[in-house]
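Q: Under our numbering, the letters of the sequence shown match residues 194 to 385, in that order.
Built from N, CA and C at the ideal position, the CB exists for glycine as well.
To start, I am sharing the structure in question, which I have written as structure tokens.
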Amino acid sequence: INCARSFLSLLSNGSTNDGIGSHPIIIRFLKGIGKTRPPHPRYDSTWDPSIVLSYLQKLEPIDSITLEQLTYKTIGLISLATAHRVQTFSKIQLDEISSSAEGIIIRISAPLKTSKPNSPQPTLYLPHFSDSPSLCVTRALTSYINRTIPFRSDSKKSLFLSFISPHNPVTAQTISRWLKQILKASGVDTNT
Numbered sequence: 194i195n196c197a198r199s200f201l202s203l204l205s206n207g208s209t210n211d212g213i214g215s216h217p218i219i220i221r222f223l224k225g226i227g228k229t230r231p232p233h234p235r236y237d238s239t240w241d242p243s244i245v246l247s248y249l250q251k252l253e254p255i256d257s258i259t260l261e262q263l264t265y266k267t268i269g270l271i272s273l274a275t276a277h278r279v280q281t282f283s284k285i286q287l288d289e290i291s292s293s294a295e296g297i298i299i300r301i302s303a304p305l306k307t308s309k310p311n312s313p314q315p316t317l318y319l320p321h322f323s324d325s326p327s328l329c330v331t332r333a334l335t336s337y338i339n340r341t342i343p344f345r346s347d348s349k350k351s352l353f354l355s356f357i358s359p360h361n362p363v364t365a366q367t368i369s370r371w372l373k374q375i376l377k378a379s380g381v382d383t384n385t
């Protein structure tokens, strides 16, 4: 509605000092439109993360699961631990990952959709989770990096690689599809 108000102000000849968008009749009209067609939330329901955690916990032992399962476990745990956008995960580079006594630190240097000029890029902190090793994001990430070493070359610095040969870096759309697969496999209804 505010876009329509701005559009009207832009098209008006400037007969009022503030533009036509601030005229009382226009304000009243746009309020009426807002009441007859109120905005709706994008999603009507939420899902319980414990369902997904239960599924990811079953992907064990970590050394013998397939690369596809390890990829799903790693991206699933990272997304739940950080709650960042999928684009952020697609921009993670191996040389931006560092380890510390508390966990793993991932710096994002590539510009993101949410990046602003002169603002720092996000840094992801992934602490060790020793209470439940099967849900430890640092354990899954370390295992994933070690398992994908044979597929990496100088041109494959991206963290996430396709689990299908030739194991190229993946896009945000692929990671999004993986997360949707995780939700489906967990029993979460992804059609709503």
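#1: Look at the alpha carbon of Ile342 and the alpha carbon of Leu319, and state the distance between them as a whole number of angstroms.
#2: Exposed or buried, Lys306, counting other C-beta atoms within 10 Å across all chains shown (16 or more means buried)?
#3: Can you tell me which of Thr331, Asn361, Phe200 and Asp288 puts its alpha carbon nearest to the alpha carbon of Leu270?
#4: Where does the unbroken beta strand (DSSP E) through Tyr318 begin, and where does it stop?
#5: Closest to Ser302 by CA distance: which of Ser283, Ser327 and Lys251 is it?
#6: Thinking C-alpha only, which one of Gln366, Pro362, Thr364 and Asn339 is nearest Leu263?
#7: Could you say if the stretch 274 to 288 and the stretch 237 to 254 meet the contact criterion of at least three C-beta pairs nearer than 8 angstroms?
#8: Find out if the Cβ-Cβ distance for the pair Glu295, Phe356 is shorter than 7 angstroms.
#9: Could you say if the stretch 309 to 319 and the stretch 235 to 247 meet the contact criterion of at least three C-beta pairs nearer than 8 angstroms?
#10: Assuming Leu352 and Leu287 make a contact with CB atoms under 8 angstroms, what is their CB distance in whole Å?
#11: Taking all protein chains shown into account, do 16 or more other C-beta atoms lie within 10 angstroms of the C-beta of Thr281, making it buried, or fewer, making it exposed?
#12: For the candidate residues Asp382, Ala365 and Asn384, whose alpha-carbon lies nearest to that of Ile268?
#13: Report the CB separation of Leu354 from Phe344 in whole angstroms; it is logged as a contact under 8 angstroms.
#14: Ile299 and Leu317 - do their beta-carbons sit closer together than 7 angstroms?
#15: Would Val245 and Ser346 be called neighbours here (beta carbons separated by less than 7 angstroms)?
#16: Does DSSP put Arg300 in a helix, in a strand, or in coil?
#17: If we count the other Cβ atoms within 10 Å of its Cβ and call it buried at 16 or more, is Lys266 buried or exposed?
#18: Can you give, in chain order, each stretch of the alpha helix (DSSP H) that sits fully within the stretch 227 to 259 and has at least 4 residues?
#19: Measure the alpha-carbon distance for Ile226 versus Leu203 and round it to whole angstroms.
#20: At the level of alpha carbons, what is the spacing between Arg370 and Val279?
A: Inspection of the coordinates gives the following:
#1: Locating residue 342 in the sequence shown gives position 149, where the first residue counts as 1. Locating residue 319 in the sequence shown gives position 126, where the first residue counts as 1. Cα-Cα distance, rounded: 21 angstroms.
#2: In the sequence shown, counting from the first residue as 1, residue 306 sits at position 113. Classification of Lys306: exposed, given that the 10 Å Cβ count is below 16.
#3: On the sequence shown, residue 270 is found 77 positions in, with the first residue counted as 1. For the residues Thr331, Asn361, Phe200 and Asp288, the minimum Cα distance to Leu270 belongs to Thr331.
#4: Numbered from 1 along the sequence shown, position 125 holds the residue referred to as residue 318. Counting along the chain, the beta strand (DSSP E) containing Tyr318 begins and ends at Thr316 to Pro320.
#5: Taking the first residue of the sequence shown as position 1, residue 302 is located at position 109. Nearest C-alpha to Ser302: Ser283.
#6: Translated into positions along the sequence shown, residue 263 becomes position 70. Here the closest residue by C-alpha is Asn339.
#7: no
#8: Taking the first residue of the sequence shown as position 1, residue 295 is located at position 102. Taking the first residue of the sequence shown as position 1, residue 356 is located at position 163. No. Outside cutoff.
#9: no
#10: Reading the sequence shown from its first residue, position 159 is the one you call residue 352. Reading the sequence shown from its first residue, position 94 is the one you call residue 287. 6 angstroms between Cβ atoms; contact.
#11: Within the sequence shown, numbered from 1, the residue matching residue 281 stands at position 88. The residue in question, Thr281, is buried, as its Cβ has 16 or more Cβ neighbours within 10 Å.
#12: Mapped onto the sequence shown, residue 268 falls at position 75. Comparing Cα positions, the closest option is Ala365.
#13: By 1-based counting over the sequence shown, the position of residue 354 is 161. By 1-based counting over the sequence shown, the position of residue 344 is 151. At roughly 6 angstroms, the Cβ-Cβ gap stays under 8 angstroms, so Leu354 and Phe344 are in contact.
#14: One-based indexing of the sequence shown puts residue 317 at position 124. One-based indexing of the sequence shown puts residue 299 at position 106. Yes, the Cβ-Cβ distance between Leu317 and Ile299 is below 7 angstroms.
#15: To locate residue 245, count along the sequence shown from 1; it is residue 52. To locate residue 346, count along the sequence shown from 1; it is residue 153. No.
#16: Counted from its first residue, the sequence shown places residue 300 at position 107. Of the three classes helix, strand and coil, the one that applies to Arg300 here is strand, per DSSP.
#17: Looking up residue 266 in the sequence shown gives position 73. It is buried - the Cβ of Lys266 has at least 16 other Cβ atoms within 10 Å.
#18: 242 to 251
#19: In the sequence shown, counting from the first residue as 1, residue 226 sits at position 33. In the sequence shown, counting from the first residue as 1, residue 203 sits at position 10. Taking the straight line from one Cα to the other gives about 20 angstroms.
#20: Mapped onto the sequence shown, residue 370 falls at position 177. Mapped onto the sequence shown, residue 279 falls at position 86. Spanning the two alpha carbons is a distance of roughly 10 angstroms.
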